[in-house]
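Q: Okay, here's the structure, questions in a sec.
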Amino acid sequence: MKKSIDLSRRNSALDITRIVALFSVISVHFFLNNGFYSEPMFGKRMLVMTVMRSAFMICVPLFIMLTGYLMSRKTLSRGYYHGIVKTLGIYLLASLACAVYKIVNFGYKPTWMIWGLFDYTTANYAWYIEMYIGLFLLIPFLNLAYNNLPSRKSKLVLLVTLIGLTSLPSIVNIYNFTVEGWWKTPYLSVEYRKFAPDWWTRIYPLTYYFLGAYLREFPLKLKQWQKLLCWFGCIVVFGLFNYYRSQYGFFAWSQYNDWQGMPNLVMTFFAFSFLSSIKTERWPNPVKRVLMVVSDLCLGGYLVSYIFDNLYYPVLAEIEPRMTHRLEWYVVIVPAVFLSSLALSGVLNLVYAGLARGGSALWAKIRPKRTTETASADNKDAVAVPVGAASSDNIDNIAVPVGAAVAGAADGGKSAASPMNTAGSNPANDRSSATGSNSAVGSYPMTDSNSADISMSAEAEKLVNNVPALPTLSIERLETERLILREFRESDAEDLYEYARDPEVGPNAGWKPHESLDESRGVVKNFIQSGEVWAIEDKASHKVIGSIGLHKRERECEPFDRELGYVLSRDYWGRGLMTEAAGRIVQYAFDNGMKTLLVSHFDGNDRSRRVIEKLGFSKVGHAADSYTRYDGKVLSETIYIRKSV
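The numbering used here puts the sequence shown at residues 2 to 646.
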């Protein structure tokens with residue numbers, strides 16, 4: 002039975018991004034198929050068409066940036082390679098469709114079509130698949146390099162280096178200053194003077210991949226209208242430049258207006274920043290479902306659009322012999338190719354789904370029986386199949402790598418909950434770099450030398466002996482009326498330091514106030530590695546004002562799936578924000594299969610007690626003198642649990 006998808010939490014902005022990329026591909030092919038490149042650059046119509054062509058050249062870069070955005074946390078494993086199976090399956094089916102069309106209409110030999118599978122010519126637009134296969138194979142290693150860079154600055158250096166190698170030549174190597182009139186009639190300058198090495202321009206997919214990964218971690222901090230203004234401003238400026246470069250000659254297709262060109266890089270940067278930030282959380286589920294389905298059809302639609310280009314454009318040429326007057330037909334023919342391609346892609350996806358089910362059933366019958374443990378080991382790293390740039394089913398469910406938490410740095414603390422063991426040499430006492438994890442009694446072995454006199458309810462005692470397997474967790478973007486809950490980024494360190502250095506915040510959660518920005522940077526890095534902590538971002542100011550986490554603990558002795566922990570900047574106390582954030586996280590936990598959550602607070606922390614009670618947690622125990630704080634003060638805590646209905 003197919004698992005249902007919770008559309009309420011789906012980031013449909015990424016579906017929109019993929020759909021825009023496909024529509025842009027088909028729009029660029031409008032100029033390829035109607036004689037645009039053989040028409041002299043003269044007149045208003047050619048000016049408009051040149052600007053349009055420039056605008057739609059974001060198509061392939063959008064796909065690659067989306068791949069970087071979605072795949073930047075993937076790691077090397079046997080299961081990772083399962084992720085390309087559907088991409089190859091759709092490629093083969095699309096190639097078959099194109100082969101049938103060519104054999105029937107043009108008399109191509111079937112053997113040519115078979116060989117064309119290997120040089121990616123059976124489907125005329127399959128060069129993208131050839132590129133994507135190599136990129137997919139490199140992704141785990143690209144991620145290893147990128148994610149191990151120590152700071153935002155070092156990641157920027159990587160991006161600047163790649164831009165310098167792949168895009169900079171496109172704007173400095175395009176003039177020949179020895180030709181008279183090179184600036185007035187630049188089309189006369191057909192031989193360019195080289196100022197920058199351009200051998201590496203062919204690796205431009207890596208530039209777009211890393212740019213997508215970077216924007217996932219450090220999104221552009223502009224308002225949506227500002228991003229849109231920058232995007233359309235670039236379209237006008239670069240479109241006019243392309244017209245200027247080609248005026249009175251034919252369109253000059255050169256490196257500055259190709260995929261690796263600096264103009265396309267800048268346009269794609271703003272386009273992706275705008276599209277991927279569209280707020281879709283409150284959109285109706287039927288709309289989200291349509292976007293999800295269309296997004297899933299984009300790869301097949303891209304590959305089979307050749308068929309409909311070949312069918313429709315000859316008809317257009319008969320209807321309108323004048324190339325420049327075909328501009329008005331853009332609003333007819335491009336949507337027609339777009340919808341026809343999606344329809345055929347839908348058929349191919351249904352065929353693929355049937356073949357995949359049949360293949361799985363056959364394999365289940367013939368494969369050797371294996372133990373459950375072996376099967377689990379083989380499948381634990383399975384990933385979704387990328388479609389176009391990455392799987393639409395994988396859009397908002399990208400797992401964050403989980404690393405071991407450092408001592409006491411599990412969740413950024415809590416405005417009211419006490420920390421216990423996260424990791425470190427001394428589970429009960431090590432808080433040297435703590436931001437106040439929300440551990441509680443039961444988070445360290447009961448035989449630990451610092452264990453306390455603990456009294457627990459019969460319900461909690463019963464749960465201790467019947468602990469379920471821990472559900473998986475991913476840091477999905479969540480929203481409330483006033484807050485955004487998202488994964489931490491290295492750029493959040495300054496905001497975290499601003500509240501973590503407050504002497505009224507850390508001690509309430511058992512950790513020492515931060516003494517330097519570098520300390521906060523280290524904590525943010527640990528949050529990212531742990532895969533258990535959300536940043537709490539204020540919608541009004543776009544500042545990170547706290548953190549909240551769901552933490553794994555030692556299952557042998559704990560009566561819960563995850564432990565809730567949180568911390569909030571003192572400037573935002575008393576507004577109900579922590580109740581709002583924690584309520585959303587609790588809902589997320591139960592929606593994702595968790596049965597029991599635990600939370601605690603140190604005695605005397607009434608703010609946290611009120612939050613916990615408002616969330617519907619029930620008191621199950623009290624741990625006297627259970628925790629020794631960094632300053633030597635011994636604290637007691639009260640423990641609560643809440644079970645899903």
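Glycine residues also receive a C-beta, built at the ideal position from the N, C-alpha and C atoms.
(1) Out of D539, A494, Q530 and K526, point me to the one whose CA is closest to C517's CA.
(2) Secondary structure at P285, three-state DSSP: helix, strand or coil?
(3) Closer than 8 Å by C-beta to A337: which residues in its own chain qualify, once you throw out the five before and the five after it? Chain order, please.
(4) I want to know whether the stretch 196-205 touches the stretch 279-298 - three or more CB-CB distances under 8 Å.
(5) Is it the case that the Cβ atoms of V335 and I27 are separated by a distance below 7 Å?
(6) Just how far apart, CA to CA, sit E460 and V621?
(7) Leaving out five residues before and five after R487 in sequence, what residues of the same chain have Cβ atoms less than 8 Å from its Cβ?
(8) When the Cα atoms are used, what is the spatial distance from A583 to E533?
(9) According to DSSP, is V646 part of a helix, a strand, or is it coil?
(10) Helix, strand or coil, according to DSSP, for Y313 in the structure here?
(11) Comparing alpha-carbon positions, which option in G250, G547 and G234 lies nearest M268?
(12) Using the Cβ count rule (16 or more neighbours within 10 Å means buried), how would you classify T112?
(13) Looking only at C-alpha atoms, which of G605, I130, E614 and S609 sits nearest to S637?
(14) Can you tell which of N174, L93, S346 and T325 has the C-alpha that lies nearest to the C-alpha of Q256?
(15) May I ask you to report which of helix, strand or coil DSSP gives A591?
(16) Tell me the residue span of the alpha helix (DSSP H) that contains Y567.
(17) Taking the alpha-carbon positions, what's the E282 to A14 distance?
(18) Does F275 pass the burial test, meaning 16 or more other C-beta atoms within 10 Å, or should it be called exposed?
(19) Ignoring anything shorter than 3 residues or poking outside the stretch 464-549, list the beta strand (DSSP E) runs there in chain order.
(20) Taking the C-alpha atoms as reference points, what is the distance between L497 and Y133?
(21) If you count every other CB in all the chains shown that lies within 10 Å of the CB of P170, and 16 or more means buried, which is it?
(22) What would DSSP say about P111, mapped onto helix, strand or coil?
(23) In the DSSP output, what is S619 paired with across the bridge?
(24) For a quick check, are the C-beta atoms of T122 and A100 less than 7 Å apart?
(25) For F24, tell me which candidate among L578, M53, S542 and W232 has the shortest Cα-Cα distance.
(26) Using only alpha-carbon positions, find the residue among L328, Q530 and K644 that is nearest to L565.
(27) Using CA coordinates, which residue listed in W260, I85 and S542 is at the minimum distance from C60?
(28) By Cβ distance below 8 Å, which residues in the same chain neighbour P41 in space, the five residues on each side in sequence not counted?
(29) Counting C-beta neighbours from all protein chains within 10 Å, is the total for P504 16 or more, i.e. buried, or is it exposed?
(30) Give the secondary structure of D626 by DSSP, where H, G and I count as helix, E and B as strand, and everything else as coil.
(31) Go to H83, then tell me how far its beta strand (DSSP E) extends in each direction, as first and last residue.
(32) Could you give the distance in angstroms between the alpha-carbon of L665 and the alpha-carbon of L157?
(33) Identify the continuous beta strand (DSSP E) that holds S601 and give its terminal residues.
(34) Which two residues bound the contiguous alpha helix (DSSP H) that contains T76?
(35) Could you give the DSSP three-state label for F239: helix, strand or coil?
(36) Measuring only the C-alpha atoms, how far is W116 from V305?
A: Answer, in terms of the structure:
(1) Note on residue identity: the sequence assigns Ser, not Cys, to residue 517. Distances from the alpha-carbon of S517 to those of D539, A494, Q530 and K526 put A494 closest.
(2) In the structure shown, P285 falls within a coil segment according to DSSP collapsed to helix, strand and coil.
(3) Contacts found: F309 and Y313.
(4) Contact check between the stretch 196-205 and the stretch 279-298: fewer than three CB pairs, one atom from each, fall below 8 Å, which does not count as touching.
(5) Contact flag set, yes.
(6) A caution first: E460 carries a pLDDT of 46, below 50, which makes its placement in the model too unreliable to give a value.
(7) Around R487, the same chain offers I476, R478, L479, W535, A536 and E538 as residues with beta carbons nearer than 8 Å, after the five sequence neighbours per side are excluded.
(8) Looking at the two C-alpha atoms, the distance is approximately 14 Å.
(9) When DSSP states are grouped into helix, strand and coil, V646 belongs to the coil group.
(10) In the structure shown, Y313 sits in a helix (DSSP, three-state: H, G or I).
(11) It is G234.
(12) Exposed.
(13) Considering only alpha carbons, the answer is G605.
(14) Answer by Cα proximity: N174.
(15) It is worth fixing the name first, because residue 591 is Phe in this sequence and not Ala. Correct three-state label for F591: helix.
(16) No alpha helix (DSSP H) contains Y567, which is instead part of the beta strand (DSSP E) from R563 to L569.
(17) Rounded to whole angstroms, E282 to A14 spans 9 Å at the Cα level.
(18) Result: buried.
(19) If we require 3 residues or more, the beta strand (DSSP E) runs fully inside the stretch 464-549 come out as 484-488 and 534-539.
(20) For L497 and Y133, the distance between alpha carbons rounds to 38 Å.
(21) Flag for P170 reads buried.
(22) In the structure shown, the three-state DSSP call for P111 is helix.
(23) The beta-bridge partner set that DSSP reports for S619 consists of I642.
(24) In this structure, T122 lies away from A100, with their beta-carbon atoms at least 7 Å apart.
(25) Nearest of L578, M53, S542 and W232 to F24, Cα basis: M53.
(26) Restricting attention to L328, Q530 and K644, the CA atom closest to the CA of L565 is found in K644.
(27) Closest by alpha carbon: W260.
(28) Taken in chain order, the residues that qualify are M47, Y249, G250 and F251.
(29) Label assigned to P504: exposed.
(30) It is a strand residue.
(31) Going by DSSP, H83 is part of no beta strand (DSSP E) at all; its letter is neither H nor E.
(32) Within the shown structure, residues of the chain are numbered from 2 to 646, placing residue 665 beyond reach of any answer.
(33) Residues T597 to F603.
(34) Premise fails: T76 is in no alpha helix (DSSP H) and is neither H nor E.
(35) Helix.
(36) When only Cα atoms are considered, W116 and V305 end up about 18 Å apart.
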